[in-house]
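*Asks:*
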Amino acid sequence: MATETAPAPTETEAEHDDHHPEHLEHHFVSSEQQFDSAKLGMWVFLITEVLLFSGMFVAYAVFRQWNPEVFAAASGTLNQTMGALNTVVLLTSSLTVALSIHAIKQDKVKQCIYYLLGTLGLAGGFMVVKYFEYMAKFEHGVYPGGAFDPHGAHYEHLAEMAMAPQFFSIYFVMTGIHGVHVVIGMIVIGALAIMAWRGSFSSEWYTPVELTGLYWHLVDIVWIFLFPLLYLI
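Residues 432 to 664 (my numbering) are what the sequence shown spells out, left to right.
#1: Identify whether S524 lies in helix, strand or coil by the three-state DSSP scheme.
#2: What is the C-beta distance between L551 and V520, in whole angstroms, given that I count them as a contact (C-beta under 8 Å)?
#3: Output needed for W647: all residues of its chain with C-beta closer than 6 Å, excluding positions within five of it in sequence on either side, in chain order.
#4: Helix, strand or coil, according to DSSP, for S634 in the structure here?
#5: Could you tell me the distance, in whole angstroms, from the CA atom of Y602 to the CA atom of L642?
#6: Quick one: residues in its chain with C-beta nearer than 8 Å to the C-beta of K536, no 5 flanking neighbours on either side, listed in chain order?
#7: Using a threshold of 8 Å, state whether the C-beta atoms of F494 and Q597 are closer than that.
#8: Identify whether Q511 lies in helix, strand or coil by the three-state DSSP scheme.
#9: Taking all protein chains shown into account, decide if I653 is buried (16 or more other Cβ within 10 angstroms of its Cβ) or exposed.
#10: What does a CB cutoff of less than 8 Å around I620 pick up in its chain, not counting 5 residues either side in sequence?
#11: Does the count of Cβ pairs from the region 599–614 and the region 563–579 closer than 8 Å reach three?
#12: Look at the Cβ atom of V650, then the Cβ atom of L623, and state whether they are nearer than 8 Å.
#13: Could you work out which residue in K561, V559, H582 is closest to E570 when comparing CA atoms only?
#14: Which whole-angstrom value is the C-beta distance of L645 and L482, which I expect to be below 8 Å?
#15: State the DSSP-derived secondary structure class of I652, mapped to helix, strand or coil.
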């Protein structure tokens, strides 16, 4: 009995197989479609992140409305200079990550790596400043929740304010979760720099770089809201 043979691939299919980029998954028609799909997925993820921080912002707004004098007094003990420095650092890191995307689009791989490393260094600087800021609070008994036991000339008046622990609980939770996001971003950016050094990215495929840039911009935007709410008003 004669066996059926599969039809030979058409010229179009053969050409498709020959020119199929390594980064292109087979269930996508083109790199553009794959990029649009990945970008949509990232935007959905970022929306969930916005919802996460929005809940904390709402909690802050409610408790501040109930205790405006206490929140203003507690806010006054925060180091505005360190907060402003970290704001400048993160804004600069947004610029460097944007420049890294611009560089890889032009096949300037070395520049992309330098900008990614610059972003990584700035993020590390942000965390170092935050570390010293936290340590200054802990040394004076300013902890979240029931461990709150302020002492020292700059903090002792907070012991008389019943809702002062609530402010610092919100402060540590919001800045702490933001700090976790910064650390996650640092890990990803470091990995991207290594991948770029190994030649993984080019003007034909730089999706991970651009998606990480979107994530990093969100991290920066959240801090832009945190800084004035916690440190200035």
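Positions of the beta carbon are idealized from the N, C-alpha and C atoms, including for glycine. Since we're looking at a predicted model, the values are computed, not measured.
*Replies:* So, to answer that:
#1: helix
#2: The Cβ separation is near 12 Å, so there is no contact.
#3: V528, G616
#4: coil
#5: If I take the Cα positions, the gap works out to 29 Å.
#6: S634, Y637
#7: yes
#8: helix
#9: Looking at the sequence itself, residue 653 is Val, so the reference to Ile does not match. By the 16-neighbour rule on beta-carbons within 10 angstroms, V653 is buried.
#10: Contacts found: V528, L547, T550, L551, A554, T643, W647.
#11: yes
#12: no
#13: If you compare the alpha carbons of K561, V559, H582 with that of E570, the shortest gap goes to H582.
#14: That pair is no contact at about 16 Å.
#15: Three-state result, I652: helix.
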